[in-house]
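Enquirer: One structure, as structure tokens, below. Some questions next.
Numbering (the working numbering), first residue to last: 6 to 614.
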């Protein structure tokens, strides 16, 4: 027994005699650690936390002081402050004291970062660095490539490819294509002229096929053409059209020019469009079509538009096969009625098996989900309450699957203003831009006792499918809901169903950039600026994750997130968010130009988060 052991044993004996209830092991460990013969290594000392700098486009740069010891560093990320830390950098050699990563701004507003300094397999962590910024500096800012002084409305319609690396933006009578060439580095790939402004855009998932709805097209041509050059240029005012473009390598070409087979003036064919993920199924809404048919037809050309039901609306389906587009179905609401605007909004599931069509002015006083067809007669008892119609493709034909009304059907709620499926067609979001319930936040259902005095505040509904049964899963109001914000005028589900974006086109707060919550955003000093709210799903529950504004939000701009249709899109995984702002006034050009300029008028801009 050496001197140290003898000392320890003596100390233990004495301590037990005096305080027998105290745990002996703690004393042993303490005395052993004090022993001059202890050879336990101290390990590396934790480094200072990294300094985070936000840079465009969507970049976080980390810097830290140099160290004379150790073998390498690592940056660890906790993306939402709850999921835990994982390595996002790999090993960074000592002598390199900086690291940059591209991030989804709306999905990292709650993030935490740790710097590890390692000596072989021994690592020590810094304290966590959190986000204390609105991330406005990191937002991508895109402008047209030419100077225009008035009314170009760049960003009037936008679309993202599934991976978020190709974007389409409409402005004036032009269509722009941008691509990401390296992390955070974007360039314009093409610019395509149209006959009339785009109202809606839709990509295939791979970004190689793009459909362009143009509701103000004036051609009296009917059917499908290989290019617009084969069709007349006038004769049917605002009849509408759809262009289809395809990409080979870096070159874009026109693949089809599509007109309704029963073309008529002011039908607004192309107001809303949707493509399946593989780009082989195209849905086109014509919300002011007048035909008095009902149900689903596969006889073409579609019945002559006889004006029997003015502005009842219609939906047209086209399928690509054998190198050509063919009309697949012509759909009228099974309870079609004058001025219902069936086709105001449309969405296909990514797999092309399900279709939803919004009829924003449908008047029925029914509530909830019905599977009885034809649907209850449009009684007119709830004026402009709105409805959504679901269809399912099985056995080579389309059938009606469900007729959906809000669970709290209200006059002038305009349920169906926007609709969106996830890829599998088992989640559906429906916006009701003028819903008036005085509630805030996320609920399973509207409260039966809630008052309806928040006129025009708006709401979003989420429905979930199990088998063939649809049920309401969430009722969402903005946390800062206010009269006439029109929350729900635009909705977008990510393909994976994990993210939901909701537009409130008249929201008026003075905030800029990205924030954790909308709850305290009540400084309504920028009238009509607009906002986008991001929600994330955890199993079956939804919660607000981010509140997004233009990075240069200011009085006099507007149109953030909505024009004729929602001007926003999400990548498949929800990690990229693109928002158009058609009334932004900056008179600049190109990518990441001066955001403080406001010498133009309704030039428009696009923001990437």
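Ideal placement from N, C-alpha and C gives every residue a C-beta, glycine not left out.
Remember, predicted model here, so these are calculated numbers, not experimental data.
Whose C-beta lies closer than 6 Å to the C-beta of residue 598 among residues of the same chain, with five residues either side of it excluded?
Expert: Once the five neighbours on either side are set aside, the close Cβ partners of residue 598 are 148.
Enquirer: At what residue ranges does the segment 433 to 500 contain a whole run of the beta strand (DSSP E), taking only runs of 3 or more?
Expert: Complete beta strand (DSSP E) runs here, min 3: 446 to 448, 464 to 471, 474 to 482 and 492 to 498.
Enquirer: Is it the case that the Cβ atoms of residue 199 and residue 232 are separated by a distance below 9 Å?
Expert: Going by C-beta atoms, residue 199 is not nearer than 9 Å to residue 232.
Enquirer: Find the nearest neighbour of residue 581 within the set 419, 500 and 487, judged by alpha-carbon distance.
Expert: The candidate whose alpha carbon is nearest that of residue 581 is 500.
Enquirer: Excluding five sequence neighbours on each side, which residues of the same chain lie with their C-beta closer than 6 Å to the C-beta of residue 438?
Expert: These residues qualify, in order along the chain: 419, 422, 463, 491, 493 and 494.
Enquirer: Which residues does DSSP pair with residue 98 in a beta bridge?
Expert: According to DSSP, residue 98 bridges with 77.
Enquirer: Measuring alpha carbon to alpha carbon, tell me which of 533, 230, 576 and 575 ends up nearest residue 589.
Expert: Cα-wise, what sits closest to residue 589 is 533.
Enquirer: Quick one: what's got a C-beta closer than 6 Å to residue 52's C-beta in the same chain, skipping five residues either side?
Expert: Answer for residue 52: 120, 122 and 131, listed in chain order.
Enquirer: Got a sec, what are the start and stop residues for the beta strand (DSSP E) residue 155 sits in?
Expert: Per DSSP, residue 155 belongs to no beta strand (DSSP E) and is neither H nor E.
Enquirer: If I measure Cβ to Cβ from residue 528 and keep anything under 8 Å in the same chain, skipping five residues before and after, which residues do I get?
Expert: Excluding residues within five positions, the ones whose Cβ falls inside 8 Å are 514, 515 and 516.
Enquirer: Is it true that the segment 594 to 613 meets the segment 132 to 145, where meeting means three or more beta-carbon pairs spaced less than 8 Å apart?
Expert: Short answer: they touch.
Enquirer: What does the Cβ neighbour count give for residue 526, buried or exposed, with the cut at 16 atoms within 10 Å?
Expert: Answer is buried; the Cβ neighbour count reaches 16.
Enquirer: Does DSSP put residue 112 in a helix, a strand or coil?
Expert: Three-state DSSP puts residue 112 in a helix.
Enquirer: In this structure, how does DSSP classify residue 629 when only helix, strand and coil are distinguished?
Expert: Outside the shown range of the chain, which is 6 to 614, sits residue 629, and nothing can be said about it.
Enquirer: According to DSSP, is residue 276 helix, strand or coil?
Expert: If DSSP states are grouped into helix, strand and coil, residue 276 belongs with the strands.
Enquirer: For a quick check, are the C-beta atoms of residue 140 and residue 114 less than 9 Å apart?
Expert: Taking 9 Å as the Cβ cut-off, residue 140 and residue 114 qualify as a contacting pair.
Enquirer: Please tell me whether residue 373 and residue 424 are closer than 9 Å, where the distance is taken between their beta carbons.
Expert: Cβ distance not < 9 Å, so residue 373 and residue 424 don't count as in contact.
Enquirer: Spatial neighbours of residue 542 within its chain, please: C-beta separation below 7 Å, excluding the five flanking residues on both sides.
Expert: If we look at residue 542 and ignore the five residues flanking it on each side, its Cβ neighbours are 502 and 503.
Enquirer: Compare the beta carbon distance of residue 429 and residue 165 with 9 Å and say whether it is the shorter of the two.
Expert: Not a contact, by the Cβ cut-off of 9 Å.
Enquirer: Could you have a look at residue 198 and say whether DSSP puts it in helix, strand or coil?
Expert: Three-state DSSP puts residue 198 in a strand.
Enquirer: Between 473, 80, 554 and 519, which has its C-alpha nearest residue 531's C-alpha?
Expert: Looking at the Cα atoms, 554 is the closest of the given residues.
Enquirer: Just confirm the distance between the C-beta atoms of residue 485 and residue 461, as a whole number of angstroms; I'd bet it's less than 8 Å.
Expert: Residue 485 to residue 461, Cβ: 14 Å. No contact.
Enquirer: Helix, strand or coil for residue 307? Go by DSSP, reduced to three states.
Expert: It is coil, neither helix nor strand.
Enquirer: Under 6 Å Cβ to Cβ from residue 445, same chain only, skipping five residues before and after it: list those, please.
Expert: Counting only Cβ-Cβ distances below 6 Å, and skipping sequence neighbours, we find 482, 484 and 486.
Enquirer: Excluding the 5 residues preceding and the 5 following residue 116 in the sequence, name in chain order all residues of the same chain whose CB lies nearer than 8 Å to its CB.
Expert: Cβ within range, chain order: 82, 83, 84, 85, 86, 108, 135 and 136.
Enquirer: Which stretch, first to last residue, makes up the beta strand (DSSP E) that contains residue 171?
Expert: It spans 171 to 176 - the beta strand (DSSP E) in which residue 171 sits, taken as one unbroken run.
Enquirer: Which whole-angstrom value is the C-beta distance of residue 240 and residue 266, which I expect to be below 8 Å?
Expert: Contact doesn't hold; Cβ gap of about 16 Å is too wide.
Enquirer: Just to confirm my understanding: we take residue 284, look at its own chain, exclude 5 residues before and 5 after, and list those with CB closer than 6 Å. What are they?
Expert: Here the set comprises 209 and 214.
Enquirer: Is it buried or exposed for residue 570, if we count other Cβ within 10 angstroms and need 16 for buried?
Expert: Residue 570 should be labelled buried.
Enquirer: What does DSSP give as the partner residues of residue 548 in its beta bridges?
Expert: Residue 548 pairs with 541.
Enquirer: Within 10 angstroms of the Cβ of residue 202, are there 16 or more other Cβ atoms? Answer buried if so, exposed if not.
Expert: Buried, since its Cβ has 16 or more Cβ neighbours within 10 Å.
Enquirer: Rounded to whole angstroms, what's the CA-CA distance from residue 321 to residue 97? Just pull it up for me.
Expert: Cα-Cα distance, rounded: 55 Å.
Enquirer: Which of the three DSSP states is assigned to residue 324 in this structure?
Expert: Reduced to three states, the DSSP call for residue 324 is strand.
Enquirer: In three-state DSSP terms, what is residue 141?
Expert: Three-state result, residue 141: helix.
Enquirer: Counting only runs of 3+ residues fully inside the segment 326 to 408, write out the beta strand (DSSP E) ranges in chain order.
Expert: Taking only runs of at least 3 residues, the beta strand (DSSP E) segments lying wholly in the segment 326 to 408 are 329 to 337, 347 to 353, 359 to 364 and 392 to 399.
Enquirer: DSSP three-state label for residue 233, please.
Expert: Reduced to three states, the DSSP call for residue 233 is helix.
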